[in-house]
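*Asks:* Counting from 1, position 136 in the sequence shown corresponds to residue 136 in full-length UniProt numbering; the numbering is continuous, with no gaps.
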Amino acid sequence: MSTPVDLNDRESLLRAASTSLNSKIVSQSSSILAPIAVEAVKRVADLKNSNVDLKNIRIVKKVGGTIEDTSLVDRLVLRQNAITGQGGPSRKEKAKIGLIQFQLGAPKPGMDNQIKVDDYRQMDKILKASSLKTSPRPAAMCINHWSIFWSFGYLQSIIRFVHRWSL
Numbered sequence: 001m002s003t004p005v006d007l008n009d010r011e012s013l014l015r016a017a018s019t020s021l022n023s024k025i026v027s028q029s030s031s032i033l034a035p036i037a038v039e040a041v042k043r044v045a046d047l048k049n050s051n052v053d054l055k056n057i058r059i060v061k062k063v064g065g066t067i068e069d070t071s072l073v074d075r076l077v078l079r080q081n082a083i084t085g086q087g088g089p090s091r092k093e094k095a096k097i098g099l100i101q102f103q104l105g106a107p108k109p110g111m112d113n114q115i116k117v118d119d120y121r122q123m124d125k126i127l128k129a130s131s132l133k134t135s136p137r138p139a140a141m142c143i144n145h146w147s148i149f150w151s152f153g154y155l156q157s158i159i160r161f162v163h164r165w166s167l
């Protein structure tokens, strides 16, 4: 038997979350986790439809620490540290962040492919074609004035392009 729950009634939501957590391995920490769970649900809830899409809540597990260190973060969580050794910033006010999900360099040819170059004009043609393939990407970075780059791989090629294009 189910009972409708009012998303504005915080106390009943806390009781429901605590009751649910009491049957879990983290039952002794339900007083810490229940308010975090309720607040997370309230932040992503669509109050017009009384509906909550739980896919909008992400639990990020981090090695070390205790359950008491758990907190609700209402922003983007990045697990990696800044690359300060390569000239990257450790703090940036009003940053424009570029999320890069593509390779900046020219795509790698297949292992079985061969290129036969007879003279320097063919080599110039190959280099020009390679440059045309990658030049719009750094140009887009300059136009958008990104100050921080976040990449899903391709770290070394991003560092080379940032230095090469003085971004």
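Glycine included, C-beta positions come from ideal geometry on N, C-alpha and C.
Pairs of beta-carbons, one from the segment 15-22 and one from the segment 45-55, closer than 8 Å: are there three or more?
*Replies:* Contact fails: fewer than three Cβ-Cβ distances are below 8 Å.
*Asks:* Give me the Cα-Cα distance between LYS125 and GLN114, rounded to the nearest whole angstrom.
*Replies:* Computed Cα separation, rounded: 16 Å.
*Asks:* I need the straight-line Cα distance from LEU167 to VAL73, nearest angstrom please.
*Replies:* In this predicted model, LEU167 has a pLDDT of only 49, less than 50, meaning its place in the structure is not dependable; the value taken from the coordinates is given anyway. Approximately 30 Å between the Cα atoms of the pair.
*Asks:* Kindly indicate which residue of GLN122, GLU68, LYS94, VAL60 has the alpha-carbon position closest to the one of ILE32.
*Replies:* Residue GLU68 is the option with its Cα nearest to ILE32.
*Asks:* DSSP has ASN51 in a bridge; who is on the other side?
*Replies:* Paired residues: ASP46.
*Asks:* Taking the alpha carbon of ASP9 as the point to measure from, which residue in TYR120, ARG58, PRO35, GLN122 has its own alpha carbon closest?
*Replies:* The residue with the shortest Cα to Cα distance from ASP9 is PRO35.
*Asks:* Three-state secondary structure (DSSP) at GLN122?
*Replies:* It is helical.
*Asks:* What number of angstroms, rounded off, separates the C-alpha of ARG75 from the C-alpha of ILE57?
*Replies:* One C-alpha to the other measures close to 11 Å.
*Asks:* By how many angstroms is the C-alpha of PRO4 removed from the C-alpha of LYS61?
*Replies:* Rounded to whole angstroms, LYS61 to PRO4 spans 31 Å at the Cα level.
*Asks:* Starting from the C-beta of THR70, find all residues in its chain whose C-beta is less than 7 Å away, skip the five residues before and the five after it, and write them out in chain order.
*Replies:* Cβ neighbours of THR70 beyond the five flanking positions: ILE32, LEU33, ILE36.
*Asks:* Rounding to the nearest angstrom, what Cα-Cα distance links LEU47 and GLU11 in this structure?
*Replies:* Rounded to whole angstroms, LEU47 to GLU11 spans 17 Å at the Cα level.
*Asks:* Report yes if the C-beta distance between GLY14 and LYS42 is below 8 Å; otherwise report no.
*Replies:* Before going further, note that residue 14 is Leu rather than Gly in the sequence given. Not in contact: LEU14 and LYS42 (Cβ atoms no closer than 8 Å).
*Asks:* Hey, how far is the Cα of ALA129 from the Cα of VAL38?
*Replies:* Their Cα atoms are separated by approximately 55 Å.
*Asks:* Go ahead and pull the three-state DSSP assignment for LEU7.
*Replies:* LEU7 falls in the coil class under three-state DSSP.
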